[in-house]
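These protein sequences, in sequence, are chains A and B. Here this note's numbering is used: position 52 in the first sequence is 154, and no number is missing along the way. Here this note's numbering is used: position 168 in the second sequence is 270, and no number is missing along the way. Here is the structure we will look at.
There are 2 protein chains.
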Amino acid sequence: MCVGLDSDITKIPKHLLQEVDPVFSFNKAIIDATRDLCVSYKINTAFYEALGVKGWETMEKTVKYIGDQHFTIADAKRGDIGNTSTQYAKAFFEALPFDSITVAPYMGADSVQPFLEYEGKWAIVLGLTSNKGAADFEMKKLVAAEGQSSNYLFEQVLTTVSGWGTPSNLMFVVGATQAEAFVAIRKITPDHFYLVPGVGAQGGSLKEISEKAMIKNDVGLLVNVSRAIIYASDKEDFADEARKVAKEYQSEMSTYLG
Amino acid sequence: MCVGLDSDITKIPKHLLQEVDPVFSFNKAIIDATRDLCVSYKINTAFYEALGVKGWETMEKTVKYIGDQHFTIADAKRGDIGNTSTQYAKAFFEALPFDSITVAPYMGADSVQPFLEYEGKWAIVLGLTSNKGAADFEMKKLVAAEGQSSNYLFEQVLTTVSGWGTPSNLMFVVGATQAEAFVAIRKITPDHFYLVPGVGAQGGSLKEISEKAMIKNDVGLLVNVSRAIIYASDKEDFADEARKVAKEYQSEMSTYLG
């Protein structure tokens, strides 16, 4: 389980607004309440950037507070021409100590490769996302190469991008709302981990994705829950309530892990 | 002409490194030297994020220093599920006073639309980019709908995305290195402005793109030059040299504008 820190200053409990850094106080409490229940934290950079310089400071404090015992994800959806992606890699792997970053594949090889050049760091490339807009381009069919069958853009992304890295430095985003596609996806990239958002507020089923996409012995799934956990309560008990919901997810996951 | 502030602290003149904020000092000098020669400045967010919190501060100071007389572009390549893109729009249109932002289209409608909801602001969506990686996905052929001819992914992006906005809140990125595709592109989106990077360091021809993609009376092209201008010299005369190069580009552009 990964806990998603999509921490929105307009949604956190009101009593925190008197703190010097309300979002950091919120994150700290959520992290303290869930540390033993998850293996990873995902920071959605947009919610921090929306607060300007102060938000970027909060992001830095948060990733440092998480520390070395959890796998940290900058959910930043970056990607640009090679020399620019190199700067994004510096931003999230050097200036900030994240273990991984989500990357948009549209611009191709040189936009992804700079993230793969860091020892011990990971690029998590968008495959099939959890949102409605996934139908617009990701699920368009491509003309097949001779002798091959036609496939969707997201399948081509998985096939092509998996050639640029290894299961040790490359993961893919596959939305939990896309469970019916998981069997086919697991055939294309049998050995890669998937970051699976969309459980909880977005309605994806944990059971279905576990049945369809788990790898024997190695799991291969990092399931993210954000809003359902962090906004379990907007009262003073928010951290306790977050822990309860996190525990429910973790128990359900344990049954599928067997 | 748009001047691209891809200001890299390892490439700016060494004597600036003793300043409190070397990158801001550099940007200020470049802006002062080119204000009357361009209509727009493009800030490549990656180079600022690579410096962490301090870089984000420099970005804020720079966009404010540019002021209201130029069209400002956050070249940020953002895009995520709807509620997250809304936060990115807040980051660049409210927390920072940019006029526009570049957006990656992979995740579809709900990832782009939040940027189109701001009165007087612009989304600049990636169409066909200037880099080698453009061949990996952007130039893949899609299976045609019945009765239509098959087209490239980037053509589908132009067609679909142009339905989400108007020429008054939506532009597209088309790389200058893709001049041979410009005639076909202009047919798909006849009335939209294109942000055209790739002139200068990346080798795109100003003449070719002007001949192939200009709109009568309305130009329709915002041609960006970054490295060729801002790194014209790495000595104390860097601003004067930047102005000279900017003036050359501007003169060349004037001849095509007639």
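Here a beta-carbon is modelled for each residue, glycine too, at the ideal position from N, C-alpha and C.
Local conformation of residue i per DSSP, three classes
i, result
"B:D212", "helix"
"B:M273", "strand"
"A:I145", "strand"
"B:I183", "coil"
"B:L198", "coil"
"A:Y150", "helix"
"A:T188", "helix"
"B:A247", "coil"
"B:A178", "strand"
"A:F239", "coil"
"A:F173", "strand"
"A:A225", "strand"
Extent of the continuous alpha helix (DSSP H) run through residue i
i, result
"B:D134", "P124 to T136"
"A:K156", "V155 to I168"
"A:N233", "Where A:N233 is concerned, there is no enclosing alpha helix (DSSP H), given that its DSSP letter is neither H nor E."
"B:V259", "L255 to S264"
"B:L308", "L308 to A315"
"A:A286", "F284 to I290"
Option in the options with minimal Cα separation from residue i
i, options, result
"B:A283", "B:A135, B:A236 and B:M273", "B:A236"
"A:A225", "A:D339, A:L308, A:L260 and A:N253", "A:L260"
"A:L228", "A:E219, A:E313 and A:G181", "A:G181"
"A:Q171", "A:T357, A:K144, A:R137 and A:I203", "A:R137"
"A:A197", "A:Q215, A:M161 and A:I183", "A:M161"
"A:N295", "A:K289, A:G322, A:G302 and A:K309", "Before going further, note that residue 295 of chain A is Phe rather than Asn in the sequence given. Comparing Cα positions, the closest option is A:G322."
"A:L297", "A:V327, A:F274 and A:S142", "A:F274"
"B:R329", "B:T291, B:N146, B:I175 and B:H117", "B:N146"
"A:D293", "A:E343, A:E350 and A:N271", "A:N271"
8 Å Cβ cutoff, residue i in contact with chain A
i, result
"B:F149", "yes"
"B:K116", "no"
"B:L153", "yes"
"B:S252", "yes"
"B:G235", "yes"
"B:M103", "no"
"B:S232", "yes"
"B:P292", "no"
"B:K223", "no"
"B:G316", "Sequence inspection shows Met at residue 316 of chain B; the Gly mentioned does not correspond to that position. For B:M316, the answer is no, since every Cβ of chain A falls outside 8 Å of its Cβ."
"B:Q189", "yes"
"B:N319", "no"
"B:D339", "no"
"B:K242", "yes"
"B:P207", "yes"
"B:V245", "yes"
"B:K192", "yes"
"B:E213", "The sequence shown places Ser at residue 213 of chain B, not Glu. For B:S213, the answer is yes, since a Cβ of chain A falls inside 8 Å of its Cβ."
"B:A283", "no"
"B:E47", "Any answer about residue 47 of chain B is impossible in this case: the structure gives chain B only from 103 up to 360."
"B:T136", "no"
Chain B contact for residue i (CB, 8 Å cutoff)
i, result
"A:I183", "yes"
"A:S202", "no"
"A:K309", "no"
"A:M273", "no"
"A:Q258", "yes"
"A:E248", "no"
"A:N336", "Checking the sequence, you will find Asp at residue 336 of chain A rather than Asn. No, A:D336 lies away from the interface with chain B (no Cβ there is under 8 Å from its Cβ)."
"A:K179", "yes"
"A:F239", "yes"
"A:N146", "yes"
Distance CB(residue i)-CB(residue j) smaller than 8 Å
i, j, result
"A:D238", "B:G210", "yes"
"B:A348", "B:C140", "yes"
"A:L230", "A:I287", "yes"
"A:F149", "A:A191", "no"
"B:V165", "B:F200", "yes"
"B:I114", "B:V125", "yes"
"A:P207", "B:Y208", "yes"
"B:K234", "A:D212", "yes"
"B:A281", "B:K314", "yes"
"B:V245", "A:L118", "no"
"B:A135", "B:D342", "yes"
Continuous beta strand (DSSP E) stretch holding residue i: start and end
i, result
"A:I114", "Note, A:I114: premise wrong, no beta strand (DSSP E); not H, not E."
"A:S353", "Here A:S353 belongs to no beta strand (DSSP E); instead the alpha helix (DSSP H) covers F340 to L359."
"B:T204", "S202 to V205"
"A:V327", "L323 to V327"
"A:V301", "Neither: A:V301 is in no beta strand (DSSP E) and is coded neither H nor E."
"B:L107", "C104 to L107"
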